[in-house]
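For any residue, its number in this note's numbering is found by taking its place in the sequence shown, counting from 1, and adding 4.
I have placed the structure first, in the form of C-alpha cells, so that the comments after it can refer back to it.
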Amino acid sequence: MMNNGLLFACIGLFCISCQATEQKPAYPYTLVDAQATQETKALFANLKKISATHVLYGHEDDLAYGVKWENEQGRSDVKEASGSYPAVYGWDLGDLAQIDKADNLDGVDFDNMKQWIKEGYQRGGVITLSWHMNHLGTEGDTWDTTRVAHRLLPDGDLHNEFNAMLDRFASFVSDLKADSDQQELIPVIFRPYHEHTGWWFWWGSESTTVEEYVSLWRYTVEYLRDVKQVHNLLYAYSPNSLSEFDSYDDYWEKYPGDAYVDILGFDDYFTLQGRYGHEDGVAALGEHLSWLASQARDRNKIAAITETGLEGMTDPTWFTQKLLKAIQYSEDSKQIAYVLTWRNAQEWTKEGHFYAPYQGHSSASDFRSFREDGFVLFEDELPDMYTLTGF
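Dropping the structure here:
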C-alpha cells in the first residue's frame, strides 16, 4: 500500500505535469523586432487574425483637418459621413528633420499629431506612419531626386546627419505613450521609403541602386531597433502599383528581406480607374491583391493596401463598386488586413484634393453602404487589437 506522503508527492507531480502541458502556446510569428512590446506583438497577431474575415478601413490625417475644417476637437470627415472614426489612422512625419519647423509638410503640428495618435489608440484604432523624408544633400524636400542614398550610409559624408534624422524619428515614436505612468508605448506601423519603384522620391527607382536601397532600409531598421532601442514598430514595405511591373518578380527587386519586413503592401491610385491599360480595373486590382495576400500567407506576414483613393471622389459609388469589389475579388484578395485612403485637404489649401467623403458629398451614401458591409471594419467595430489572446 502506498503511504500518504508518497501519494501526495505523486499527486503534486501529476498537477505540475498538467500545468506544464496546459501552458499557452508560444507566440507563432517572427517579427522584425524580437524585442517588440507586448502591445506591438498583439497588434500583429490580431491584424493577422482579422485579415482572415475582415478588412480595416483607414484614412490619412483624419483627426487633424477635413475639407471644410481644421484642428477642431472630435471632428472627422469619415465619422461625420459614416458614423464612425476609421479603424486605421495614417500620419506622416515629413519635415520632422527641420528643427525650426513645428509642423509637418501638410501643416499638422507634431505635438498635436502625438495627441491625435494617442486619442486614436485609446479608442482602439491602429496607427501607421509614413515619412516623406527631406533631402539631406541639398536641403530640398522629398521630391528632390538628386542621388544621395549612398552618402547617408556608413562611410558616407552625410552619415552623421542621417543618424541625427533617425534620432528625431526615434524620439518621436518613443514619446508616444498611452498611459498616465508613461510605460505603455503605442504600437506604430512604420512605412519608410515608400513607392520606391516610382521615380519621384530621392530614394526612388532612378535615384538608388538595388544595393543602396536595401542597405538604406536595413540600416534604418538596425539603427532604430538595435541602437535606439525602439521596440514599438512594425515595418511595412510598399512599392508603387503592381500594375507598373512587367511581372510580380519586380516586387522583390529591392526587397530588404523577410527579416526586415513585417507587412507586405503597395500603393495604388489608378488601377481601379482602368489606367495602365486595364480594361477592368477591379479585376486587375483583385488579381494583384490575391497575389499579395498569398505571398503574405506563405511568408507568415500581413498584406495591406498601404495607400489608395480616388481624388475628389468623382465616382459616387467608388467605395462599394470599385474598392470593395476588388478586395472581395477572390478568397485570397479578401485576406488584406487594411486599406488606407489618402487625406482630405482643406478646400482653401488644395481644392478637390480629398479621398474620403465628407458629410453632404454625393459619395457619402455609398460610403455609408461600404461602412455597413459586414466585411469592412471601422473603429467602433474593432475587437481589442492590443491584447494577446491564445498565446
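Every residue gets a Cβ at the ideal spot worked out from N, C-alpha and C, and that includes glycine.
Fair warning: this is a prediction, and the values are worked out from it, not measured in the lab.
request  = Count the other C-beta atoms from every protein chain shown that fall within 10 angstroms of the C-beta of Val112, then say buried if there are 16 or more, exposed otherwise.
outcome  = For this step, residue 112 is matched to residue 108 along the sequence shown. The Cβ neighbour count for Val112, taken over all protein chains shown within 10 Å, is at least 16; the residue is labelled buried.
key: Simplified DSSP assignment, three categories, for His282   = As a working note, residue 282 is residue 278 in the sequence shown. Reduced to three states, the DSSP call for His282 is coil.
task = Would you kindly work out how many angstroms separate the C-alpha atoms of Asp377 and Ile340, rounded to a whole number?
result = To locate residue 377, count along the sequence shown from 1; it is residue 373. To locate residue 340, count along the sequence shown from 1; it is residue 336. Each residue's CA atom was taken as its position, placing Asp377 and Ile340 some 16 Å apart.
key: Helix, strand or coil at Thr324 according to DSSP, with G and I counted as helix   = Residue mapping note: residue 324 aligns to position 320 of the sequence shown, counting from 1. Helix at Thr324.
task = Quick one: using the 10 Å Cβ neighbour count with 16 as the cut-off for buried, is Thr142 buried or exposed?
result = Taking the first residue of the sequence shown as position 1, residue 142 is located at position 138. It counts as exposed.
request  = Please name the residue, chosen from Phe379, Trp346, Ser219, that lies closest to Leu67 on a Cα-to-Cα basis.
outcome  = Residue 67 sits at position 63 when you count from the first residue of the sequence shown. Answer by Cα proximity: Trp346.
query = In the region 26-105, which residue ranges form an unbroken beta strand (DSSP E) of at least 3 residues, counting only runs that do not cross its ends?
reply = 59-64, 92-96
task = Would you identify the three-state DSSP class for Lys396, choosing helix, strand or coil?
result = Here the chain covers residues 5 to 395 and nothing more, so residue 396 does not appear.
query = Taking the beta strand (DSSP E) that Ser134 falls in, what are its first and last residues?
reply = Numbered from 1 along the sequence shown, position 130 holds the residue referred to as residue 134. Run containing Ser134: 130-134, per the beta strand (DSSP E) assignment.
inquiry  = To the nearest angstrom, how far is the alpha carbon of Thr44 from that of Gly124?
reply    = As a first step, residue 44 is located in the sequence shown; it is residue number 40 there, counting from the start. As a first step, residue 124 is located in the sequence shown; it is residue number 120 there, counting from the start. Near 15 Å, if we compare the C-alpha coordinates of Gly124 and Thr44.
ask   = Near Tyr31, what residues of its chain come up, given a Cβ to Cβ distance below 8 Å and the 5 sequence neighbours on each side ignored?
value = In the sequence shown, the residue the question calls residue 31 occupies position 27. Excluding residues within five positions, the ones whose Cβ falls inside 8 Å are Lys45, Ala49, Leu392, Phe395.
query = Any contact of the region 357-369 with the region 318-338, i.e. 3+ C-beta pairs under 8 Å?
reply = yes
query = Between which two residues does the beta strand (DSSP E) harbouring Ile193 extend?
reply = Residue mapping note: residue 193 aligns to position 189 of the sequence shown, counting from 1. Residues 192-195.
8 Å contact criterion, which Gly128 and Met389 should meet: CB distance rounded = By 1-based counting over the sequence shown, the position of residue 128 is 124. By 1-based counting over the sequence shown, the position of residue 389 is 385. With 8 Å as the limit, Gly128 and Met389 qualify as a contact, their Cβ atoms being about 6 Å apart.
inquiry  = Tyr89 and Phe382 - do their beta-carbons sit closer together than 8 Å?
reply    = Taking the first residue of the sequence shown as position 1, residue 382 is located at position 378. Taking the first residue of the sequence shown as position 1, residue 89 is located at position 85. Going by C-beta atoms, Phe382 is nearer than 8 Å to Tyr89.
ask   = Of the residues Lys326, Trp295, Leu51, Glu226, which one's Cα is nearest the Cα of Ser337?
value = The residue labelled residue 337 in the question sits at position 333 within the sequence shown. Comparing Cα-Cα distances from Ser337 to each of Lys326, Trp295, Leu51, Glu226, the minimum goes to Trp295.
message = Using CA atoms only, rank isn't needed, just tell me which of Gly356, Gly261, Asp271, Gln126 is closest to Gly202.
response = Position 198 of the sequence shown holds residue 202. With distances taken between Cα atoms, Gly202 lies closest to Asp271.
key: Residue from Phe205, Asp254, Arg195 with nearest C-alpha to Leu344   = By one-based count along the sequence shown, residue 344 stands at place 340. Nearest option by C-alpha distance: Arg195.
query = Less than 8 Å separating the beta-carbons of Tyr239 and Val36?
reply = Along the sequence shown, one-based indexing puts residue 239 at 235. Along the sequence shown, one-based indexing puts residue 36 at 32. Cβ atoms of Tyr239 and Val36: closer than 8 Å.
message = Here's a check: name, in chain order, each residue in its chain whose Cβ is nearer than 6 Å to the Cβ of Ala40, leaving out the five neighbours to either side.
response = Here residue 40 refers to the residue found at position 36 when the sequence shown is read from its first residue. Here the set comprises His235.
ask   = Taking the C-alpha atoms as reference points, what is the distance between Thr25 and Tyr33?
value = Residue mapping note: residue 25 aligns to position 21 of the sequence shown, counting from 1. Residue mapping note: residue 33 aligns to position 29 of the sequence shown, counting from 1. Note that Thr25 has pLDDT 49, beneath the 50 cutoff, so the model's placement of it is unreliable and no number is given.
task = In angstroms with no decimal places, state the Cα-to-Cα distance between Val192 and Ser55.
result = One-based indexing of the sequence shown puts residue 192 at position 188. One-based indexing of the sequence shown puts residue 55 at position 51. Roughly 18 Å between the two C-alpha positions.
ask   = Taking C-beta to C-beta, are Lys258 and Val214 nearer than 8 Å?
value = Here the question's residue 258 lines up with position 254 in the sequence shown. Here the question's residue 214 lines up with position 210 in the sequence shown. Taking 8 Å as the Cβ cut-off, Lys258 and Val214 qualify as a contacting pair.
ask   = Would you call the CB atoms of Arg222 and Tyr264 closer than 8 Å?
value = Position 218 of the sequence shown, counted from the first residue, corresponds to residue 222. Position 260 of the sequence shown, counted from the first residue, corresponds to residue 264. A contact, by the Cβ cut-off of 8 Å.
query = Given 8 Å as the limit, is there contact between the region 137-156 and the region 206-213, that is, 3 or more CB pairs closer than that?
reply = yes
request  = Measure the alpha-carbon distance for Ile267 versus Phe176 and round it to whole angstroms.
outcome  = In the sequence shown, residue 267 corresponds to position 263, counting from 1. In the sequence shown, residue 176 corresponds to position 172, counting from 1. Roughly 21 Å between the two C-alpha positions.
query = Does the separation of the CB atoms of His166 and Leu100 fall below 8 Å?
reply = Taking the first residue of the sequence shown as 1, we reach residue 166 at position 162. Taking the first residue of the sequence shown as 1, we reach residue 100 at position 96. Sequence check: residue 166 is Phe here, not His. Result no, Cβ atoms of Phe166 and Leu100 do not sit closer than 8 Å.
message = Tell me which residues share the same chain as Pro260 and place their Cβ nearer than 6 Å to its Cβ, disregarding the 5 neighbours each side in the sequence.
response = Position 256 of the sequence shown, counting from 1, holds the residue named residue 260. Within the same chain, Pro260 has close Cβ partners Val218, Trp221, Arg222.
task = Go ahead and pull the three-state DSSP assignment for Val234.
result = By 1-based counting over the sequence shown, the position of residue 234 is 230. Val234 carries a coil assignment under DSSP once its states are collapsed to helix, strand and coil.
message = Cutting at 7 Å between CB atoms, please list the residues of its own chain near Phe379, excluding the five before and the five after it.
response = As a position in the sequence shown, residue 379 is number 375, starting the count at 1. Correct list, in chain order: His58, Val59, Gln332.
query = For Asp262, which of helix, strand or coil comes out of DSSP?
reply = Reading the sequence shown from its first residue, position 258 is the one you call residue 262. Asp262 falls in the helix class under three-state DSSP.
task = Could you check how far apart the C-beta atoms of Ala300 and Ile306 are, in whole angstroms? I think they sit under 8 Å.
result = The sequence position of residue 300 within the sequence shown is 296, counting from 1. The sequence position of residue 306 within the sequence shown is 302, counting from 1. With 8 Å as the limit, Ala300 and Ile306 qualify as a contact, their Cβ atoms being about 6 Å apart.
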